[in-house]
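> Position one of the sequence shown corresponds to residue 8 (this note's numbering), numbered consecutively onward.
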Amino acid sequence: MPTYLIVEQLLNGLQFGVMLFLSAAGLTLIFGVMGLINLAHGSLYMIGAFAAAAVAGATGSFVMALAASLAAAAAAGALVEILVIRRLYDRDHLDQVLATFALILIFSEGTRWMFGSFPLFLDVPSYLSGPVTLPGGIQYPLYRLTIIGIGLAIAAGLFLLIARTRIGIRIRAGEADREMIAALGVDISKLYTLVFALGAALAGLSGALVGAIQSVQVGMGEPVLILAFVVIVIGGIGSIKGALVGSLLVGLTDTFGRILLPVAFGTFMEPSAANSVGAALASMSIYLLMAVVLIVRPTGLYGRA
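1) Output the distance between the C-alpha atoms of residue 190 and residue 83, rounded to the nearest integer angstrom.
2) Taking the beta strand (DSSP E) that residue 141 belongs to, which residues open and close that run?
3) What's the gap between the Cα of residue 204 and the Cα of residue 23?
4) With distances taken between CB atoms, is the gap from residue 63 to residue 211 smaller than 8 Å?
5) For residue 247 and residue 127, I'd like the C-alpha separation in whole angstroms.
6) Starting from the Cα of residue 238, find the closest Cα among 220, 294, 218 and 195 and give me that residue.
7) Closest by CA to residue 264, which one among 254, 286, 195 and 225?
8) Below 8 Å between beta carbons: does that hold for residue 201 and residue 157?
9) Out of 220, 95, 74 and 149, which one is the CA nearest neighbour of residue 37?
10) How about residue 30 and residue 198: are their beta carbons less than 8 Å apart?
11) DSSP beta-bridge partners for residue 127?
12) Just curious, the alpha helix (DSSP H) that residue 233 is in, first and last residue?
13) Taking the continuous alpha helix (DSSP H) assigned at residue 195, which residues delimit it?
14) Am I right that residue 149 and residue 138 are in contact with their C-beta atoms under 8 Å? What's the rounded C-beta distance?
15) Got a sec? Which residues, its chain only, sit under 7 Å from residue 59 by beta carbon, not counting five neighbours each side?
16) Considering residue 52, what are the terminal residues of the alpha helix (DSSP H) in which it resides?
17) Would you mind sorting residue 12 into buried or exposed? The rule is 16 or more other CB atoms within 10 Å of its CB.
18) Which word fits residue 52, buried or exposed, when buried means at least 16 other C-beta atoms lie within 10 angstroms of its C-beta?
19) Could you check the C-alpha separation between residue 241 and residue 178 for me, to the nearest Å?
20) When we look at the beta-carbon of residue 207 and count the other beta-carbons within 10 Å, is it buried (16 or more) or exposed?
21) Give me the residue from 174, 140, 229 and 135 with the minimum Cα distance to residue 110.
22) What does the alpha-carbon distance come out to for the pair residue 91 and residue 283?
23) Based on Cα-Cα distance, which residue from 308, 266, 304 and 307 lies nearest to residue 292?
24) I'd like the span of the beta strand (DSSP E) that includes residue 11, first residue to last.
25) Kindly indicate the opening and closing residues of the beta strand (DSSP E) around residue 147.
26) For a quick check, are the C-beta atoms of residue 165 and residue 47 less than 8 Å apart?
27) My guess is that residue 308 and residue 253 are in contact by the Cβ rule of under 8 Å, so how many angstroms apart are they, rounded?
28) Relative to the C-alpha of residue 162, which candidate in 125, 113, 255 and 135 has its C-alpha closest?
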């Protein structure tokens with residue numbers, strides 16, 4: 008395989024991985040701190056994408072579109088936590104699954120009612136369009152490099168937030184012993200609303216950034232939700248570091264699998280059959296990766312028993 012193709016696919020895998028991280032980081036915070044199984048997380052991703060597409064269409068500003076995705080997803084997340092999720096913390100996980108699954112249906116139909124069934128399109132701004140020349144003469148889309156930079160910057164910001172700030176200390180304490188920090192005077196309800204809104208905002212931003220690469224449509228969040236769960240299982244529930252490492256592993260495994268497996272099967276199969284079988288196995292590769300990690304470390308790479 009030529010060097011330029013390896014570098015290009017490596018960057019594609021990194022871009023896919025950091026997009027997954029933005030969704031998985033919020034999900035692992037919610038799951039780790041609140042112990043809540045939130046199937047509606049993908050709907051918040053969708054809300055961010057639709058808000059960005061609507062604002063970009065009305066104003067022509069990509070920056071305002073990203074701000075709208077953060078605000079809309081965070082507001083929706085806070086509202087859902089206050090009205091619905093707050094009543095589920097002491098309930099069985101099955102109740103949480105049923106309630107958040109109902110939220111998926113509500114958000115999907117509500118979005119279809121507001122925006123229609125046809126996909127929307129969010130254009131890449133002119134100052135981020137076109138390729139950039141990397142060392143070695145390799146050309147790569149500037150927008151995808153920007154996504155990688157934004158994702159890594161947010162990852163660094165989350166690490167600092169969790170490890171170095173007073174809010175982060177409370178979040179970590181809430182994960183370890185929520186009754187104790189409540190007894191020490193911390194308003195656990197406000198803390199949970201903040202964590203949920205933060206996770207929702209990250210998912211919404213991820214949806215907006217991806218919306219400029221693919222179409223924005225109802226139901227776009229469900230595949231991302233599945234991959235985000237795979238990521239937090241691989242990385243370890245409640246670990247931001249695990250979410251980042253797991254996201255990058257999944258992104259690189261999926262990207263290189265879609266390139267290498269059809270080539271490998273093409274040595275002894277017809278090209279059309281090799282592409283079909285290779286693509287199918289590439290889709291399975293991330294789940295095989297998850298199975299291997301769970302066999303070796305049942306708590307995930309950075310999870311705690």
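Heads up, the beta-carbon is just placed ideally off N, CA and C, and yes, glycines get one too.
With the structure as the only source:
1) Here residue 190 refers to the residue found at position 183 when the sequence shown is read from its first residue. Here residue 83 refers to the residue found at position 76 when the sequence shown is read from its first residue. So the alpha carbons of these two residues sit roughly 29 Å apart.
2) Here residue 141 refers to the residue found at position 134 of the sequence shown. Element bounds for residue 141: 138-141.
3) Taking the first residue of the sequence shown as 1, we reach residue 204 at position 197. Taking the first residue of the sequence shown as 1, we reach residue 23 at position 16. If I take the Cα positions, the gap works out to 23 Å.
4) For the purposes of this step, residue 63 is taken as residue 56 along the sequence shown, with counting starting at 1. For the purposes of this step, residue 211 is taken as residue 204 along the sequence shown, with counting starting at 1. Cβ atoms of residue 63 and residue 211: not closer than 8 Å.
5) Numbered from 1 along the sequence shown, position 240 holds the residue referred to as residue 247. Numbered from 1 along the sequence shown, position 120 holds the residue referred to as residue 127. Distance between the alpha carbons of residue 247 and residue 127 is about 32 Å.
6) In the sequence shown, the residue the question calls residue 238 occupies position 231. That would be 294, whose Cα lies nearest to the Cα of residue 238.
7) Translated into the one-based positions of the sequence shown, residue 264 becomes position 257. Closest option to residue 264, judged by alpha-carbon separation, among 254, 286, 195 and 225: 286.
8) As a working mapping, residue 201 is identified with position 194 in the sequence shown. As a working mapping, residue 157 is identified with position 150 in the sequence shown. The answer is no: Cβ separation not under 8 Å.
9) On the sequence shown, position 30 is the one that residue 37 refers to. Among 220, 95, 74 and 149, the Cα nearest to that of residue 37 is on 95.
10) In the sequence shown, the residue the question calls residue 30 occupies position 23. In the sequence shown, the residue the question calls residue 198 occupies position 191. Cβ distance not < 8 Å, so residue 30 and residue 198 don't count as in contact.
11) Your numbering for residue 127 matches position 120 in the sequence shown. Bridge partners of residue 127: 223.
12) Indexing the sequence shown from 1 puts residue 233 at position 226. 228-242 is the span of the alpha helix (DSSP H), which, as asked, contains residue 233.
13) Numbered from its first residue, the sequence shown carries residue 195 at position 188. For residue 195, the enclosing alpha helix (DSSP H) covers residues 195-218.
14) Here residue 149 corresponds to residue number 142 of the sequence shown, with the count starting at 1. Here residue 138 corresponds to residue number 131 of the sequence shown, with the count starting at 1. Right, their Cβ atoms sit about 7 Å apart.
15) For the purposes of this step, residue 59 is taken as the residue at position 52 of the sequence shown. Hits under 7 Å: 72, 73, 75, 76, 129, 215 and 218.
16) The residue given as residue 52 occupies position 45 in the sequence shown. That run of the alpha helix (DSSP H) goes 48-66.
17) Against the sequence shown, residue 12 aligns to sequence position 5. Residue 12 should be labelled exposed.
18) For the purposes of this step, residue 52 is taken as the residue at position 45 of the sequence shown. When all chains shown are included, residue 52 counts as buried.
19) Position 234 of the sequence shown holds residue 241. Position 171 of the sequence shown holds residue 178. Looking at the backbone, the Cα of residue 241 and that of residue 178 are separated by about 22 Å.
20) Here residue 207 corresponds to residue number 200 of the sequence shown, with the count starting at 1. Residue 207 is buried by the Cβ-count criterion.
21) Along the sequence shown, one-based indexing puts residue 110 at 103. Looking only at 174, 140, 229 and 135, the smallest Cα-Cα distance to residue 110 is reached by 229.
22) The residue labelled residue 91 in the question sits at position 84 within the sequence shown. The residue labelled residue 283 in the question sits at position 276 within the sequence shown. Each residue's Cα considered, the two are about 43 Å apart.
23) Residue numbering aside, residue 292 sits at position 285 when the sequence shown is read from its first letter. Measuring from the Cα of residue 292, the nearest candidate turns out to be 266.
24) By one-based count along the sequence shown, residue 11 stands at place 4. Where residue 11 is concerned, there is no enclosing beta strand (DSSP E), although the alpha helix (DSSP H) around it starts and stops at 10-41.
25) Here residue 147 is taken as the residue at index 140 of the sequence shown, counted from 1. From DSSP, the beta strand (DSSP E) with residue 147 extends over 145-148.
26) Within the sequence shown, the letter at position 158 stands for residue 165. Within the sequence shown, the letter at position 40 stands for residue 47. Going by C-beta atoms, residue 165 is not nearer than 8 Å to residue 47.
27) Counted from its first residue, the sequence shown places residue 308 at position 301. Counted from its first residue, the sequence shown places residue 253 at position 246. That pair is a contact at about 7 Å.
28) Mapped onto the sequence shown, residue 162 falls at position 155. Residue 162 has its Cα closest to that of 255, out of 125, 113, 255 and 135.
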